[in-house]
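Enquirer: First the structure, which I've put down as structure tokens, then a few questions once you've had a look.
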Amino acid sequence: MSALTLKNGGLVPLAELEILDFAAFAAALRQEVDAQGRIAALFAAPAGEQFDLFALVARDRQGQLAVLRSRVGTRFASLTPELPQVHLFEREIAEQYGLVPEGHPWFKPLRFHPSWTGRDAWGRDPRRHPLVGEMDYYRVAGEEVHEVAVGPVHAGIIEPGHFRFQCHGEQVLHLEISLGYQHRAVEALLPGTPAAKIAHQMETLAGDSTIAHASAYAQICEALAGTPAPPRALAIRALALELERLANHVGDIGGLATDVGFLPTASFCGRIRGDYLNLSAELCGSRFGRGLVRPGGTAFDLDASLAARMLERLEAVARDTRGALEIFFDSPSVLARLEGTGRVAAQDAAALGLVGVAARACGLNIDARRHHPWGAYLDRFDHLVTEDSGDVFARARVRRREINDSLRWVRDALRDLPAGPSRLSLPARAARHLAVALVEGWRGEVVHLALTDQDGRFSRYKIVDPSFRNWSGLAMALRGEQISDFPLCNKSFNLSYCGFDL
Amino acid sequence: MFKILRERIRQGHRTYPYPVQAPVLPERFRGRPRIDPKRCPPGCRGCEDLCPYGALQVRDGQPRIDLGLCLFCGECAAACPAGAVTFTRDHRLAVRHREDLLSGADEPRLAQALDARMKKLFGRSLKLRQVSAGGCNACEADLNVLSTLVFDLGRFGIQFVASPRHADGILVTGPVTENMKSALLDTYAAVPEPKLVIASGACAIGGGPFRGSPEVHNGIGDLLPVDLYIPGCPPHPWTALDGLLRLLGRLTQKS
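Chains as they are written, first to last, in the numbering used here: chain R, 320 to 821; chain P, 1306 to 1560.
Printed below as a string of structure tokens:
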């Protein structure tokens, strides 16, 4: 096997990455997936007149990551028919560079932006900005078949996206999710952007995952500089990441309670979510953790008196959380609405490459904290939560159990912070290298990859938000369901629009 | 049922007595920045290089922070060698005019109330349609929070509604991506006259961290007439609430 293996937070010189013939690259990827590897990223980067394809495979059981590289012209044979988990990655490559994955079964734009090379994979006029949503939607024909289109502007304070339900009566045959409305062109901006700006852009890739993305970016910078962040900073980052998970998981259970009309938990959790955000604000001044994580460490330290104050507040919030969750999971009328709704089969989840809560609710053992631990998680995270039923109930249960684990984590972290500095200055970055970082955000695995040029600047920066992997899961969850169950299914995934659109 | 009631009693009443009681913000919260030009070494323009977004500007020899471009990261305060820049815990930041966002050593110019006619129309019942036009969802999340029981926006007669046809105005977040421009303008057009436009967050005011991206419009300033600017990245819910109440004349300049 010609893949180069590395660990999370690792670095490889580009010169050591063998350039495989495309057929060998495809065969190697198939072999990896047969051996229970997951394709965590697939992306292109220009290589003179041609293009390099890079694949990152997560070998969870071995705790290893493997990188494969190939070189193609403007067309290559689509891997999607055999490996459905790459279907969005191939559409992304086509949209960014105008490359055509021949034989792709679902070949449409993703984010509706002009190609970076001036060559358009769909033969559209490259001088004109594509119109968002301008594509063929999946259609179902027949008597009593109808289509419901929703968005981009939804009822409520949420991000925009467009959904089309193909229905037979109340039953949904298929849901097509068309995004791209939030596209801010982050990946296109990153090469050449001054470092001072990048930290803020990373924090706003998906606002509710500020810590996860900022940590992945910091990890990339530290890998390229060959200097890990000090243990104290890594502990503060993990503490902030678990607070982020707590706020969002609690908020999501409140959202599920709202959608099934169980008002006590809905209103309790709406407030308790804010209590967790306020704990993050004690740490760094921002409810979303803005300004906390920086390459080289953290911008704020946590002294003993602040830790003691936070611990005291945490205990009170933890009591409220437990009370709010207990009455929710104790109500038969609630459980009746959650159980069996929006089921995703385990084999579908694996084939589509789902990650995070959505994957663990289908029984898949995927958690970067466990399999690819980094920083404070090394040797300290051993409690991976899975459920088997793959429905809304399972996704709610995974959240509830992870809330308990995160509470324990935060409590331990506040009691026992490693001594030493919380930030170091980083030396220059390695030139012509590839660096990789995986962080288990509250939604799932956040993947960052960077390639550097001869001066150590980013020549390509690839970001995979967990939402990119999981929106297909929501579409699958809706099959055969009633359209009225959409809000509940949607909330149980709670995916990011801008995380997908970047 | 008994368990639910017991929990309801245990969790109790949590609505904050605002505006009777001022909100208490965390020690590290970065609210209104303050610049002390007396500390600036003569001729120093170093701060203009400190901010990658151009929020720090020296005009007529006076350093100022453009709150519309500021992400409140606090890095300028940490880096200014003279210690002339500090961030206070003052959450009151919203203003009515773009130029009022330039903040220096002088007294802040907080948002003025609407004129008498508009105040009569909207002062006791204001319905807003929110449009996220490229926002990262942090602004959106902290607007959602306003409707939870701590802030309880409804008690002020303000409510977010589902349809622009039911709304008195729009509240926009995000830098306005190219792909959301027409949906934003359509939503605005669907709101009956007279109507208000509120820009919430650094993105909606000036593009935020994505200012200059080829796929964004650097906020709504060139697209729609803005009646209220709420700075922040994201604005704290108290900042947003303060702005809305000032716009409706429910808070005085001093409070």
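Where a beta carbon is used, it is the ideal one built from N, C-alpha and C, also for glycine.
Which class does lysine 326 of chain R belong to by DSSP, given the choice of helix, strand or coil?
Expert: Coil.
Enquirer: Taking all protein chains shown into account, do 16 or more other C-beta atoms lie within 10 angstroms of the C-beta of glycine 1255 of chain P, making it buried, or fewer, making it exposed?
Expert: Nothing can be reported for residue 1255 of chain P: it is not among the residues displayed for chain P, which extend from 1306 to 1560.
Enquirer: Please name the residue, chosen from P:Val1466, P:Glu1498 and P:Met1485, that lies closest to glycine 480 of chain R on a Cα-to-Cα basis.
Expert: If we check each option's Cα against that of glycine 480 of chain R, P:Met1485 comes out closest.
Enquirer: Go ahead and pull the three-state DSSP assignment for glycine 574 of chain R.
Expert: Three-state DSSP puts glycine 574 of chain R in a helix.
Enquirer: Using a Cβ cut-off of 8 Å (strictly closer), state whether alanine 1399 of chain P contacts chain R.
Expert: No, its Cβ sits nowhere closer than 8 Å to a Cβ of chain R.
Enquirer: Given that asparagine 597 of chain R touches chain P, what residues does it touch there, using C-beta distances under 8 Å?
Expert: Pro1331, listed in chain order.
Enquirer: In whole angstroms, what separates the C-alpha of lysine 326 of chain R from that of valine 766 of chain R?
Expert: Taking the straight line joining both Cα atoms gives about 13 Å.
Enquirer: Output the distance between the C-alpha atoms of proline 740 of chain R and isoleucine 555 of chain R, rounded to the nearest integer angstrom.
Expert: Between proline 740 of chain R and isoleucine 555 of chain R, the C-alpha separation is close to 11 Å.
Enquirer: With contact counted as at least three CB pairs below 8 Å, one residue from each stretch, are the segment 722 to 742 of chain R and the segment 664 to 675 of chain R in contact?
Expert: The answer is no - the segment 664 to 675 of chain R does not touch the segment 722 to 742 of chain R, with fewer than three Cβ pairs under 8 Å.
Enquirer: To the nearest whole angstrom, what separates the beta carbons of isoleucine 646 of chain R and threonine 584 of chain R, a pair I think is in contact under 8 Å?
Expert: Contact holds; Cβ gap of about 6 Å.
Enquirer: Please state whether DSSP places phenylalanine 1465 of chain P in a helix, a strand or coil.
Expert: Note: phenylalanine 1465 of chain P maps to strand in three-state DSSP.
Enquirer: Please list the partners that glutamine 1435 of chain P has in chain R, where partner means a Cβ-to-Cβ separation under 7 Å.
Expert: By Cβ distance, chain R contributes Ile476.
Enquirer: Candidates P:Glu1332, P:Gln1464, P:Ala1387 and P:His1396: which alpha carbon is nearest arginine 1561 of chain P's?
Expert: Past the boundaries of the shown model lies residue 1561 of chain P; chain P is included only from 1306 to 1560, so the question cannot be answered.
Enquirer: What does the Cβ neighbour count give for lysine 1343 of chain P, buried or exposed, with the cut at 16 atoms within 10 Å?
Expert: Exposed, by the Cβ-count rule.
Enquirer: Does any CB atom of chain R fall closer than 8 Å to the CB of isoleucine 1378 of chain P?
Expert: The sequence as given places cysteine at residue 1378 of chain P; isoleucine does not occur at that position. It does: the Cβ of cysteine 1378 of chain P has a partner Cβ on chain R nearer than 8 Å.
Enquirer: Mark alanine 518 of chain R as exposed unless 16 or more other C-beta atoms lie within 10 angstroms of its C-beta, in which case mark it buried.
Expert: Buried, by the Cβ-count rule.
Enquirer: Can you confirm whether proline 583 of chain R, when its beta carbon is compared against all beta carbons of chain P, has any partner nearer than 8 Å?
Expert: It does: the Cβ of proline 583 of chain R has a partner Cβ on chain P nearer than 8 Å.
Enquirer: Measure the C-alpha to C-alpha separation of valine 1496 of chain P and aspartate 1405 of chain P and round it to an integer number of angstroms.
Expert: Using only the alpha carbons, I get a separation of about 27 Å.
Enquirer: In three-state terms, what does DSSP make of cysteine 486 of chain R?
Expert: The answer is strand: DSSP assigns cysteine 486 of chain R an E or B state.
Enquirer: How many angstroms separate the CA atom of leucine 736 of chain R from the CA atom of aspartate 701 of chain R?
Expert: If I take the Cα positions, the gap works out to 19 Å.
Enquirer: Could one say the Cβ of cysteine 1385 of chain P lies closer than 8 Å to chain R's Cβ atoms, at least one of them?
Expert: So, not an interface residue.
Enquirer: Rounded to whole angstroms, what's the CA-CA distance from glutamine 538 of chain R to glutamate 351 of chain R? Just pull it up for me.
Expert: Approximately 26 Å, taken between the alpha carbons.
Enquirer: So the beta strand (DSSP E) arginine 390 of chain R belongs to, where does it begin and stop?
Expert: First-last of the beta strand (DSSP E) with arginine 390 of chain R: 383 to 391.
Enquirer: Buried or exposed: where does proline 420 of chain R fall if 16 or more other Cβ atoms within 10 Å of its Cβ makes it buried?
Expert: Buried, by the Cβ-count rule.
Enquirer: Buried or exposed, going by whether 16 or more other CB atoms sit within 10 Å of the CB of lysine 1425 of chain P?
Expert: Lysine 1425 of chain P comes out exposed.
Enquirer: Hey, could you find the ends of the beta strand (DSSP E) arginine 1434 of chain P is sitting in?
Expert: From DSSP, the beta strand (DSSP E) with arginine 1434 of chain P extends over 1431 to 1437.
Enquirer: Mind listing, in chain order, the continuous alpha helix (DSSP H) runs of no fewer than 4 residues lying wholly within the segment 339 to 408 of chain R?
Expert: Correct list: 341 to 353.
Enquirer: When you compare the CB positions of alanine 756 of chain R and leucine 558 of chain R, do they come within less than 8 Å of one another, or not?
Expert: Result no, Cβ atoms of alanine 756 of chain R and leucine 558 of chain R do not sit closer than 8 Å.
Enquirer: Is the number of C-beta pairs between the segment 758 to 765 of chain R and the segment 591 to 606 of chain R that are closer than 8 Å three or more?
Expert: Short answer: they don't touch.
Enquirer: In the DSSP output, what is histidine 767 of chain R paired with across the bridge?
Expert: Bridge partners of histidine 767 of chain R: R:Ala756 and R:Ile782.
Enquirer: For my contact list, glutamine 355 of chain R and tyrosine 816 of chain R are in at a C-beta cut-off of 8 Å; report their separation, rounded to the angstrom.
Expert: Going by Cβ atoms, the distance from glutamine 355 of chain R to tyrosine 816 of chain R rounds to 31 Å, so no, they are not a contact pair.
Enquirer: Rounded to whole angstroms, what's the CA-CA distance from leucine 775 of chain R to phenylalanine 482 of chain R? Just pull it up for me.
Expert: Note on identity: in this sequence residue 775 of chain R is glycine, with leucine being the wrong assignment. Cα to Cα, the separation comes out at about 42 Å.
Enquirer: Rounding to the nearest angstrom, what Cα-Cα distance links lysine 473 of chain R and alanine 1438 of chain P in this structure?
Expert: First, the amino acid is wrong: residue 473 of chain R is histidine here, not lysine. Each residue's alpha carbon lies about 12 Å from the other.
Enquirer: To the nearest whole angstrom, what separates the beta carbons of phenylalanine 341 of chain R and phenylalanine 395 of chain R, a pair I think is in contact under 8 Å?
Expert: Right, the Cβ-Cβ distance comes to about 6 Å (below 8 Å), so this counts as a contact.
Enquirer: Using CA coordinates, which residue listed in R:Glu466, R:Arg719, R:Gly608 and R:Thr523 is at the minimum distance from glutamate 495 of chain R?
Expert: Ranking the options by Cα distance to glutamate 495 of chain R, first place goes to R:Glu466.
Enquirer: CA-CA distance, phenylalanine 1515 of chain P and valine 505 of chain R?
Expert: Going from the Cα of phenylalanine 1515 of chain P to the Cα of valine 505 of chain R covers about 8 Å.
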